[in-house]
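Letter by letter, the sequence shown follows residues 1 to 65 in this note's numbering. Glycine residues also receive a C-beta, built at the ideal position from the N, C-alpha and C atoms. Comments concern the structure below.
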Amino acid sequence: MYLIDTNIFLEVMLSRKRSEECKRLLTMLREGKIKGITTDFTIYSIMILLEKFNRLSELKRFLLS
1 MYLIDTNIFL EVMLSRKRSE ECKRLLTMLR EGKIKGITTD FTIYSIMILL
51 EKFNRLSELK RFLLS
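Spelled out as structure tokens, the structure:
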């Protein structure tokens, strides 16, 4: 089981340097190939950052995924 922290999600959402690696990890999680968890603080942190930078469409997509 993996702990998925804030940086994994932000790499993808902000199209950062390691976003492709992080996308593969999230895809493996979604497909059930690996198991992972995250914390409520991670969700909260992402919400705050995306809201701060007015990335509301990304915030909505994240919360619905």
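Chain-order list of residues whose beta-carbon lies under 6 Å from that of residue i (same chain, five-residue window excluded)
i	result
I34	M28
F9	I46
Beta-bridge pairing of residue i - partner residues as DSSP gives them
i	result
Y2	G36
Where residue i sits in the DSSP three-state scheme
i	result
N7	helix
K60	helix
F53	coil
K17	coil
S45	helix
Nearest-angstrom beta carbon gap, residue j and residue i [assumed within contact, 8 Å]
i	j	result
I37	M1	6 Å
Close-in-space but distant-in-sequence residues of the same chain around residue i (CB under 7 Å, 5 per side omitted)
i	result
E58	M13, L50
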